[in-house]
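Colleague: Below is one structure. I have some questions about it.
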Amino acid sequence: MKLKVINIVNHAPAYESHRGRPRPQVNWDLPNGNWVGIWGYEWHDLLGNNILAITNDIDYEVWQPDLRADRIYEHTFESGLKHKLFPAIDKNYIHGFRIYKDIYSETIMLELQKILRGNNPLVLHINAGYRYINVPILKKYCNKIPIVAQFYTNSLDTFATPKTKNIYKVAHAFKKNYELRQYYKKIKFIIPSVKEGVDYFEKEFGAHVFYRNYQNFGTNYEDWVRKYSKEEARKRLNIPIEKFIFFSSSRLIPVKQIDKMIVALSKIKNQNFICYVSGRGSVEYEACLNKLVQKHKLEEKIVFIGYVDFEILKEYFQAADLVLSTSILEAGPSSPFQAAAMETPSLITDTGIASEFFKQNNAEVIVPTENYEKWIEELNAIMNGKEIKTPLRKDVVEFGNWNQISKYYYNIYKTLQNTTL
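Residue numbers (our numbering): 164 to 584.
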């Protein structure tokens, strides 16, 4: 009997971030005139597809809560991967002494109950971060189903306490950390994002951590090969040859610190640059970023290009003098790896597996996540000709090899299948 793996996404499909773009190929019209759809490139989908490419003894399903869905919608991809959308709501809950809002799906809980009535071996794969959707799952099934929880960001600050004398904030952090401890007591198996900080969960809660020496998820680097010189790429994109070109590619959300990047760029001495920013965010956040650009009079220097075609995206990486990745907390990110595969240098913040890899290879420029003066110092040095070492392409490719990464996850699932809880 095949092992069933259910990988639960803890967020709804990114309809807002994809506004203005065509629907995904897999979509359904709703009675209220709206629609739901499946793009098929959540990390959970990519992982499932690649695991199914190396084995035929696993059934792999991705379950995703969807605020638009009025019923369960399901699609089976060519690989055999099933992606299901479940009706969901935004739920207010108290964590510490504050009210938070997160997504929740009662339908997911009901479907899990149905599956448990069968005799199929089952493994659940969830996000290791504190998510409201996981609370009832862990409470009900932590001793009944093998559950592996994956960190998608650095776990180091999970139990952080504020440096303040404000009694309310201290009390809030104390109560919140107590609730976090109850949560993590129920997580017995962990897939880390980065090594830093995760040993705490081993020592404190006895969790088993599945360490590795390669990326969280693979990358098909054969798609990331330099085809054009920097000058040729700029001509294709109608980018000024004589300018210093920065490029940033990410979702436009606060954790990526695009606002701090804009401010840092406004303060460097040599203003002979253009920074192209790829990605989308909420209408409100994009408006805030545009106001910041106007405030610092950077309208001619910061250009938001939104989502672009894959081939055009790669041309921006090839046209850039420097790729910027300024997140305060990361699992990856992928853009510095993609840049390195095409021999374009990066400045990145000290977070995520990219930081770990580039440190090991003594490559790229790594700056503190919140030391913005250091960002400015390094940006000035780079524009004044500081040389940046990039890692060998073969090392980048091996670090993101899907075959070894797929086997890593497959072995985790099979280990859990044979684990006595």
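The C-beta atom is built at its ideal place from N, Cα and C for all residues, glycine as well.
Is it buried or exposed, MET164, if we count other Cβ atoms within 10 angstroms and call 16 or more buried?
Modeller: Along the sequence shown, one-based indexing puts residue 164 at 1. By the neighbour-count rule (16 or more Cβ atoms within 10 Å), MET164 is not buried but exposed.
Colleague: Does the separation of the CB atoms of LEU343 and THR321 fall below 8 Å?
Modeller: Position 180 of the sequence shown, counted from the start, is the residue given in the question as residue 343. Position 158 of the sequence shown, counted from the start, is the residue given in the question as residue 321. Their beta carbons are under 8 Å apart, which means LEU343 touches THR321 by this criterion.
Colleague: Can you give me the C-alpha to C-alpha distance between ASN433 and GLY381, rounded to a whole angstrom?
Modeller: Working through the sequence shown from its first residue, we reach residue 433 at position 270. Working through the sequence shown from its first residue, we reach residue 381 at position 218. Using only the alpha carbons, I get a separation of about 37 Å.
Colleague: Give me the Cβ distance between LEU542 and ILE431, rounded to the nearest whole Å; I'm assuming they're in contact under 8 Å.
Modeller: For the purposes of this step, residue 542 is taken as residue 379 along the sequence shown, with counting starting at 1. For the purposes of this step, residue 431 is taken as residue 268 along the sequence shown, with counting starting at 1. Yes, LEU542 and ILE431 are in contact; Cβ-Cβ is about 5 Å, under 8 Å.
Colleague: Please determine, among ASN566, VAL528, ILE568 and TRP538, the residue with the shortest C-alpha to C-alpha distance to LYS552.
Modeller: Here the question's residue 552 lines up with position 389 in the sequence shown. Looking at the Cα atoms, VAL528 is the closest of the given residues.
Colleague: Thinking GLN378 and ILE575 are a contact (beta carbons under 8 Å), I'd like their distance in whole angstroms, please.
Modeller: Walking along the sequence shown from the start, residue 378 turns up at place 215. Walking along the sequence shown from the start, residue 575 turns up at place 412. Between GLN378 and ILE575, the beta carbon gap of about 15 Å keeps them out of contact (Cβ cut-off 8 Å).
Colleague: Who pairs with TRP565 in a beta bridge, going by DSSP?
Modeller: On the sequence shown, position 402 is the one that residue 565 refers to. DSSP output for TRP565 lists no bridge partner at all.
Colleague: Exposed or buried, what is ARG294 when buried is set at 16 or more other beta-carbons lying within 10 Å of its beta-carbon?
Modeller: For this step, residue 294 is matched to residue 131 along the sequence shown. So ARG294 ends up on the buried side.
Colleague: With distance defined between alpha-carbon atoms, name the residue in PHE500, GLU536 and GLN481 nearest to LEU526.
Modeller: As a first step, residue 526 must be located in the sequence shown, where it is residue number 363. Residue identity differs from the one stated: residue 526 is Ala in this sequence, not Leu. When only C-alpha atoms are compared, the closest one is PHE500.
Colleague: Identify which residue in GLN227, PHE352 and PRO185 has its Cα closest to the Cα of GLU269.
Modeller: Residue 269 sits at position 106 when you count from the first residue of the sequence shown. Nearest option by C-alpha distance: GLN227.
Colleague: Assuming contact is defined by CB atoms lying nearer than 8 Å, are ASP513 and PRO531 in contact in what I supplied?
Modeller: Counting from 1 along the sequence shown, the entry for residue 513 is found at position 350. Counting from 1 along the sequence shown, the entry for residue 531 is found at position 368. In this structure, PRO531 lies closer than 8 Å to ASP513 by Cβ.
Colleague: Would a C-beta distance cut-off of 8 Å place ILE421 and SER429 closer than the cut-off?
Modeller: The sequence position of residue 421 within the sequence shown is 258, counting from 1. The sequence position of residue 429 within the sequence shown is 266, counting from 1. Not a contact, by the Cβ cut-off of 8 Å.
Colleague: Using a Cβ-Cβ cut-off of 7 Å (strictly less than) and excluding sequence neighbours within five positions of SER445, which residues of its own chain qualify?
Modeller: As a working note, residue 445 is residue 282 in the sequence shown. Cβ within range, chain order: GLU179.
Colleague: Could I get the ranges of all uninterrupted alpha helix (DSSP H) runs contained in the segment 310-393, with 4 residues as the minimum, in chain order?
Modeller: 330-347 and 362-368
Colleague: Shortest alpha-carbon distance to PHE240 belongs to which of ASP208, ASP253, TYR267 and ALA251?
Modeller: Residue 240 sits at position 77 when you count from the first residue of the sequence shown. Nearest C-alpha to PHE240: ASP208.
Colleague: Between the alpha carbons of GLU365 and PHE314, how many angstroms are there, rounded?
Modeller: Translated into positions along the sequence shown, residue 365 becomes position 202. Translated into positions along the sequence shown, residue 314 becomes position 151. A straight-line Cα-Cα distance of about 14 Å links GLU365 and PHE314.
Colleague: Along the chain, which unbroken stretches of the beta strand (DSSP E) at least 3 residues long are found entirely within the segment 174-248?
Modeller: Here the runs fully enclosed are 189-192, 198-201, 221-229 and 236-239.
Colleague: List, from N- to C-terminal side, the alpha helix (DSSP H) runs of 4 residues or more that fit wholly inside the segment 479-552.
Modeller: 498-504, 515-523 and 535-546
Colleague: Cβ atoms of LEU579 and PHE260: under 8 Å apart, would you say?
Modeller: Position 97 of the sequence shown, counted from the first residue, corresponds to residue 260. Position 416 of the sequence shown, counted from the first residue, corresponds to residue 579. Result no, Cβ atoms of PHE260 and LEU579 do not sit closer than 8 Å.
Colleague: Applying the 10 Å Cβ sphere with the 16-neighbour rule, what's the burial state of GLU533?
Modeller: Mapped onto the sequence shown, residue 533 falls at position 370. Classification for GLU533: exposed.
Colleague: Any idea what DSSP makes of ASP472, helix, strand or coil?
Modeller: To locate residue 472, count along the sequence shown from 1; it is residue 309. Note: ASP472 maps to coil in three-state DSSP.
Colleague: In the DSSP assignment, what residue or residues form a beta bridge with CYS438?
Modeller: Reading the sequence shown from its first residue, position 275 is the one you call residue 438. DSSP, once it has assigned bridges, lists PHE409 and ILE465 as partnering CYS438.
Colleague: Please classify PRO299: does DSSP put it in a helix, a strand, or coil?
Modeller: Taking the sequence shown and counting its residues from 1, one reaches residue 299 at position 136. Helix, per DSSP.
Colleague: Quick check: the Cα distance between PHE480 and LYS358, rounded to an integer number of angstroms?
Modeller: Within the sequence shown, the letter at position 317 stands for residue 480. Within the sequence shown, the letter at position 195 stands for residue 358. For the pair PHE480 and LYS358, the Cα-to-Cα distance works out to about 28 Å.
Colleague: Apart from the five residues just before and just after ILE539, which ones in its own chain have a Cβ nearer than 7 Å to its Cβ?
Modeller: Taking the first residue of the sequence shown as 1, we reach residue 539 at position 376. ALA427, LYS430 and ILE431, listed in sequence order.
Colleague: Can you tell me the Cα-Cα spacing of LYS167 and LYS277, whole angstroms?
Modeller: Working through the sequence shown from its first residue, we reach residue 167 at position 4. Working through the sequence shown from its first residue, we reach residue 277 at position 114. When rounded, the distance between both Cα atoms is 14 Å.
Colleague: Excluding sequence positions up to five away, which residues of its chain have a Cβ less than 8 Å from the Cβ of LYS577?
Modeller: Taking the first residue of the sequence shown as 1, we reach residue 577 at position 414. Correct list, in chain order: LEU166.
Colleague: Quick check on the burial criterion: 16 or more other C-beta atoms within 10 angstroms. Buried or exposed for ILE300?
Modeller: As a first step, residue 300 is located in the sequence shown; it is residue number 137 there, counting from the start. Counting Cβ neighbours within 10 Å, ILE300 comes out buried, since at least 16 surround it.
Colleague: Let's see if you can read the secondary structure: which residues bound the beta strand (DSSP E) around ASN290?
Modeller: Mapped onto the sequence shown, residue 290 falls at position 127. Counting along the chain, the beta strand (DSSP E) containing ASN290 begins and ends at 285-290.
Colleague: Give me whichever residues DSSP pairs with HIS258 in a beta bridge.
Modeller: The count along the sequence shown starts at 1 and reaches residue 258 at position 95. Answer is ARG261.
Colleague: Identify whether VAL172 lies in helix, strand or coil by the three-state DSSP scheme.
Modeller: Position 9 of the sequence shown, counted from the first residue, corresponds to residue 172. Three-state result, VAL172: coil.
Colleague: With H, G and I counted as helix, E and B as strand and the rest as coil, what does DSSP make of PRO417?
Modeller: Position 254 of the sequence shown, counting from 1, holds the residue named residue 417. If DSSP states are grouped into helix, strand and coil, PRO417 belongs with the helices.
Colleague: Just reading off the alpha helix (DSSP H) that CYS305 is part of, what are its end residues?
Modeller: For the purposes of this step, residue 305 is taken as residue 142 along the sequence shown, with counting starting at 1. Careful: CYS305 lies outside any alpha helix (DSSP H) and carries neither H nor E.
Colleague: Judging by CA-CA distance, which residue of ARG443, TRP206, GLU474 and PHE473 is the nearest neighbour of VAL466?
Modeller: Position 303 of the sequence shown, counting from 1, holds the residue named residue 466. Looking at the Cα atoms, ARG443 is the closest of the given residues.
Colleague: Under three-state DSSP, which class holds TYR572?
Modeller: Here residue 572 corresponds to residue number 409 of the sequence shown, with the count starting at 1. TYR572 falls in the helix class under three-state DSSP.
Colleague: Applying the criterion that 16 or more other CB atoms from any shown protein chain within 10 Å of the CB defines a buried residue, is GLU224 buried or exposed?
Modeller: Sequence index remark: in the sequence shown, residue 224 carries index 61 (1-based). Flag for GLU224 reads buried.
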